[in-house]
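Asker:
Residue numbers (the working numbering): 91 to 303.
#1: Quick one: what's residue 215 bridged to in DSSP?
#2: Which value, in whole angstroms, describes the spacing of the CA atoms of residue 153 and residue 177?
#3: By Cβ distance below 7 Å, which residues in the same chain neighbour residue 200 in space, the five residues on each side in sequence not counted?
#4: Helix or strand or just coil, what does DSSP make of residue 301?
#5: Sort 225, 161 and 119 by Cα distance to residue 217 and report the nearest one.
#6: Is the beta carbon of residue 214 less than 8 Å from the beta carbon of residue 134?
#7: Measuring only the C-alpha atoms, how far is residue 124 from residue 136?
#8: What residues in its chain sit with their C-beta under 6 Å from that of residue 250, if we drop five residues either side in the sequence?
#9: For residue 233, collect the residues of the same chain with a Cβ closer than 8 Å to its Cβ; drop the 5 residues on either side in sequence, then sort them by chain order.
#10: Residue 296 bridges to which residues according to DSSP?
#11: For the region 189-241, which segments carrying the beta strand (DSSP E) assignment without a break, of at least 3 residues, lie completely within its bounds, in sequence order?
#12: What number of angstroms, rounded off, separates the C-alpha of residue 329 from the C-alpha of residue 210?
#13: Going by beta-carbon coordinates alone, are residue 245 and residue 223 separated by less than 8 Å?
#14: In whole angstroms, give me the CA-to-CA distance for residue 179 and residue 264.
#15: Keeping to the same chain, check which residues put their C-beta closer than 8 Å to that of residue 118; ignore five residues upstream and five downstream.
#16: Going by DSSP, name the residue or residues bridged to residue 150.
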């Protein structure tokens, strides 16, 4: 009887250790942080944020609609600033506007990374009006033995690119028709709108388009 009790206690301890270990290994998270909308012609950033413990590096592909967005640059951040040794950005890292893909790979040579922050900051230009998905694929987060670490990623994003030229007449600056239309949308009088009801930020930006600022 005593042996059976001891065996059961050992099993409980082993299970508890495995549960704690699993949660520790699953602590890595990666997500996209981006504005919900921008205007045609805007330059803006999309951040890929990583929360990681004792990792030697990470990689991902970020897919975007190249008919709506144009990638301009990609900057490494978290690994560069927290690597305990030598950060190394792979030559594969870059932006392919033809395929609509950002590739990012960076490792901490001879050291590890622990922390939370932007692993990459990607700058885009909003080229045309429309809605672009922002999706991460081929995510790899490596531990000190070179194995993949478990991670959580749940937030594919969409970004809407809006246009100052609300009536599509090719006129932006001092276009009173655009301005009047935007106020009707703001007040809820007009229904077929590119500006949301009572959205102060959008009405302000349309006015800035009107005055050319």
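Positions of the beta carbon are idealized from the N, C-alpha and C atoms, including for glycine.
Answerer: Walking through what the data contain:
#1: 133 and 160
#2: Each residue's alpha carbon lies about 25 Å from the other.
#3: 175 and 176
#4: helix
#5: 161
#6: yes
#7: 5 Å
#8: 127 and 221
#9: 144, 145, 146 and 239
#10: Residue 296 pairs with nothing; no bridge assigned.
#11: 191-199, 203-216 and 220-232
#12: Because the chain here runs from 91 to 303, residue 329 falls outside it and cannot be looked at.
#13: no
#14: 47 Å
#15: The residues are 140, 141, 142, 143, 145, 231, 239, 240, 241 and 242.
#16: 194
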